[in-house]
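*Asks:* Sharing a structure here in structure tokens format.
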Amino acid sequence: MQNTTAERFRAAAEKGDLGALDGLFTEDIRLYSPVKFRPFEGKPMVMGLFGVLLRTFEDFRYVGEFDGTAETNADGAEAPSAVLVFRAVVNGKAVHGIDLLHFDEAGLIKEFTVMVRPQSASHALSEAVLAGLVADGLVPAPGKGA
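Heads up: the sequence shown begins at 69 in the numbering used here, then just goes up one per residue.
And the structure:
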């Protein structure tokens, strides 16, 4: 089932279809991002983050996929997993990265880790995502609270 979920996720992300992502995540999903140390937790926050990401990435496309198992960050247990390799542009910077998806028993995405390179692209992505999260009211502006 996780392959189907990964394929559905990939198709939704490439189309920029936020609505199609909604049914693919567990309610208590954790998303580990290069933009902050602590994970984004819970479906409402992760969906809000994807709203920002879908607006932020330009020329977003997946260029590879690998299936297997991997240890999760949350509990250290092995879970069925998929790695989606992507390329995109953020504020003129070429981004190369991976999305590591861990699935629960029902095949939903329970943990999501994003890694990007090079450092200059990671920095551009962090700035753009923070600006989007602040604009959408999902996080306070820097210096304005937590």
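C-beta atoms are modelled at their ideal positions from N, C-alpha and C, and glycine is treated no differently.
1) For Phe77, does the count of other Cβ atoms within 10 angstroms reach 16, so buried, or fall short, so exposed?
2) Mind checking Ala174: buried by the 16 CB within 10 Å criterion, or exposed?
3) Looking at the unbroken beta strand (DSSP E) that takes in Asp182, where does it start and where does it end?
4) Would Val158 and Ala199 be called neighbours here (beta carbons separated by less than 8 Å)?
5) If you follow the alpha helix (DSSP H) that Lys111 is part of, which residue opens it and which one closes it?
6) Is it true that the CB of Arg129 sits closer than 8 Å to the CB of Arg155?
7) Using a Cβ-Cβ cutoff of less than 7 Å, which residues in the same chain neighbour Gly91 once the five nearest sequence positions on both sides are dropped?
8) Can you name, in chain order, every residue of its own chain whose Cβ lies under 6 Å from the Cβ of Val103, other than the five neighbours on each side?
9) Should the region 163 to 173 be regarded as contacting the region 104 to 114, the criterion being three or more beta carbon pairs within less than 8 Å?
10) Distance, Cα to Cα, Phe93 vs Ile177?
11) Tell me the rounded alpha-carbon separation between Val120 and Ala138.
12) To the nearest angstrom, how far is the alpha carbon of Leu86 from that of Gly116?
13) Who does Leu193 pair with in a DSSP beta bridge?
14) For Met183, which residues of its own chain have a beta-carbon under 6 Å away from its beta-carbon, when the five flanking residues on both sides are left out?
*Replies:* According to the structure shown:
1) If you number the sequence shown from 1, residue 77 lands on position 9. Under this definition Phe77 is a buried residue.
2) On the sequence shown, residue 174 is found 106 positions in, with the first residue counted as 1. With fewer than 16 other Cβ atoms within 10 Å, it is exposed.
3) Mapped onto the sequence shown, residue 182 falls at position 114. Sequence inspection shows Val at residue 182; the Asp mentioned does not correspond to that position. Counting along the chain, the beta strand (DSSP E) containing Val182 begins and ends at 177 to 185.
4) Residue 158 sits at position 90 when you count from the first residue of the sequence shown. Residue 199 sits at position 131 when you count from the first residue of the sequence shown. In this structure, Val158 keeps its C-beta atom at 8 Å or more from the C-beta atom of Ala199.
5) For the purposes of this step, residue 111 is taken as residue 43 along the sequence shown, with counting starting at 1. Its alpha helix (DSSP H) spans residues 111 to 124.
6) On the sequence shown, residue 155 is found 87 positions in, with the first residue counted as 1. On the sequence shown, residue 129 is found 61 positions in, with the first residue counted as 1. Yes, Cβ-Cβ distance for Arg155 and Arg129 is below 8 Å.
7) Translated into positions along the sequence shown, residue 91 becomes position 23. Cβ within range, chain order: n/a, list empty.
8) For this step, residue 103 is matched to residue 35 along the sequence shown. So the qualifying residues of the chain are Ser194, Val197.
9) At 8 Å Cβ cutoff, the stretches do not touch.
10) As a working mapping, residue 93 is identified with position 25 in the sequence shown. As a working mapping, residue 177 is identified with position 109 in the sequence shown. Between Phe93 and Ile177, the C-alpha separation is close to 5 Å.
11) The residue labelled residue 120 in the question sits at position 52 within the sequence shown. The residue labelled residue 138 in the question sits at position 70 within the sequence shown. Rounded to whole angstroms, Val120 to Ala138 spans 27 Å at the Cα level.
12) Counting from 1 along the sequence shown, the entry for residue 86 is found at position 18. Counting from 1 along the sequence shown, the entry for residue 116 is found at position 48. The alpha-carbon separation between Leu86 and Gly116 amounts to approximately 9 Å.
13) Counting from 1 along the sequence shown, the entry for residue 193 is found at position 125. None; Leu193 has no bridge partner.
14) The count along the sequence shown starts at 1 and reaches residue 183 at position 115. For Met183, where only same-chain residues beyond five positions count, the Cβ hits under 6 Å are Gly165, Ile166.
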